[in-house]
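The sequence shown begins at 2 in this note's numbering and counts up one residue at a time. We treat Cβ as the ideally placed atom computed from N, Cα and C, and that holds for glycine. Since the model is a prediction, treat every value here as computed from it, not as a measurement.
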Amino acid sequence: MDNDKFLNYLGYLGSVSYDEYSHELYGELVGIEALVLFTGEDLDELHEDFCSGVEQYLEGCEADEKAPQQPFDGRFRVRISPETHLRLHELAQLRGISFSELLNGIFAEYLANRQLKHLEDCDDV
């Protein structure tokens, strides 16, 4: 992940985009399920609204007495075919490891082979 394209505050990341019609910068928190949006006419204003959005998210969680979601906590949902799911489960059993350990190894090997230089430039990622 290219940190030049994301804002960072208290461990939360925010995307940075530009709307050519309104001539405004905007973004949203990434890596969590809650929708937190922010805007600004320049980078300083965008960053200020981003930080405010993070703080409001954390305050809202506290007020609702629920733990705030941590970005990129290692859990995510992915849909695969039942056949692939079964084959991966069987492979994990054959290797004597958990399903999560198998997937973690597969992902790590894939990323090591790709070396992730510039994902946006890769057509076959």
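Status (buried if at least 16 other CB within 10 Å, exposed otherwise) for residue i
i      : result
Leu30  : buried
Gly97  : exposed
Asp43  : exposed
Arg115 : exposed
Tyr58  : buried
Euclidean distance between Cα positions of residue i and residue j
i      : j      : result
Leu103 : Ser82  : 17 Å
Leu95  : Asn105 : 16 Å
Val126 : Leu112 : Unreliable placement is indicated for Val126, whose pLDDT of 45 sits below 50; no coordinate value is reported for it.
Asn4   : Tyr10  : Because the pLDDT at Asn4 is just 47, under 50, the model does not fix this residue reliably, and the point stays unresolved.
Phe39  : Thr85  : 39 Å
Gln71  : Gly15  : 13 Å
Gly189 : Gly32  : Because the chain in this structure spans residues 2 to 126, residue 189 falls outside the shown range and cannot be described.
Asp74  : His24  : 34 Å
Leu26  : Glu91  : 48 Å
Leu87  : Ala109 : 21 Å
Ile107 : Ser101 : 10 Å
Asp20  : Lys6   : 15 Å
Tyr22  : Gly41  : 14 Å
Best match in the options for proximity to residue i [C-alpha to C-alpha]
i     : options                       : result
Cys62 : Val37, Tyr22 and Phe7         : Val37
Pro69 : Gly41, Gly28, Arg80 and Glu56 : Glu56
Cys52 : Glu34, Arg80, Arg78 and Gly28 : Gly28
Asp45 : Val17, Lys67, Ala35 and Glu34 : Val17
Report task. Mind listing, in chain order, the continuous beta strand (DSSP E) runs of no fewer than 3 residues lying wholly within the region 3-46? Result -> 7-10, 13-16, 18-20, 25-31 and 38-41
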